[in-house]
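Visitor: Take a look at this one; I'll ask things after.
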Amino acid sequence: LILNSVNINLVIFSDMFDNRQLKGDIFSIFVIAIAAAEAAIGLAIVSSIHRCTQCVRACPTDVLEMIPWDGCKAKQIASAPRTEDCVGCKRCESACPTDFLSVRVYLGPETTRSMALAY
1 LILNSVNINL VIFSDMFDNR QLKGDIFSIF VIAIAAAEAA IGLAIVSSIH
51 RCTQCVRACP TDVLEMIPWD GCKAKQIASA PRTEDCVGCK RCESACPTDF
101 LSVRVYLGPE TTRSMALAY
């Protein structure tokens with residue numbers, strides 16, 4: 001979505017300003033830089049505020065656990081080492097205040113489970 005809006009921005013501002021001058025292109029690149037900074041700052045704020053273990057506590061089968069991880073300010077991340085024990089109740093998804101957690105359970109000839117943490 002951000003890339004589409006930046007693309008439209010680039011086209012519009014390139015046409016609005018004189019083609020021999022690069023004012024429109026430079027303005028569009030400035031907008032791209034601001035959008036990237038907003039995304040990075042937003043993620044940093046969310047990860048620093050929500051250092052919770054609500055998803056781990058909500059799981060009735062103890063599939064999730066917190067493990068050390070240096071990739072975020074909280075220095076820990078939820079991990080799902082035993083996805084085969086997941087019953088697909090999605091309580092962890094409901095408990096997550098940031099909507100970072102997504103659980104998918106596919107039932108068919110073989111039951112497959114997929115758990116993604118979008119940090």
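Quick note: the sequence shown, position 5, residue 5 per the UniProt record's numbering, numbers continuous. Glycine included, each C-beta is placed from N, C-alpha and C at the ideal position. For clarity, every value in this text was computed on a predicted model and none was experimentally measured.
Within the same chain, show all residues whose beta-carbon is closer than 8 Å to that of Pro60, passing over the 5 residues directly before and after it, in chain order.
Guide: If we look at Pro60 and ignore the five residues flanking it on each side, its Cβ neighbours are Val87, Cys89 and Arg91.
Visitor: Could you check the C-alpha separation between Leu43 and Asp62 for me, to the nearest Å?
Guide: Any answer about Leu43 is weak, because its pLDDT of 45 lies below 50 and its placement is not dependable; what the coordinates show is given next. The alpha-carbon atoms of Leu43 and Asp62 are separated by roughly 27 Å.
Visitor: Taking DSSP as the reference, what is the three-state secondary structure of Val63?
Guide: Coil at Val63, not helix or strand.
Visitor: Measure the alpha-carbon distance for Leu64 versus Arg57 and round it to whole angstroms.
Guide: When rounded, the distance between both Cα atoms is 8 Å.
Visitor: Look up Val103 in the DSSP assignment and say whether it is helix, strand or coil.
Guide: Correct three-state label for Val103: strand.
Visitor: Among the residues of its own chain, which have a CB less than 7 Å from the CB of Pro68, if the five just before and after it don't count?
Guide: The answer, listed in chain order, is Lys75 and Gln76.
Visitor: Is Val103 near the ligand GDP, in the sense that its beta carbon is under 8 Å from a heavy atom of that ligand?
Guide: No copy of the ligand GDP appears in this structure; indeed no ligand is present at all.
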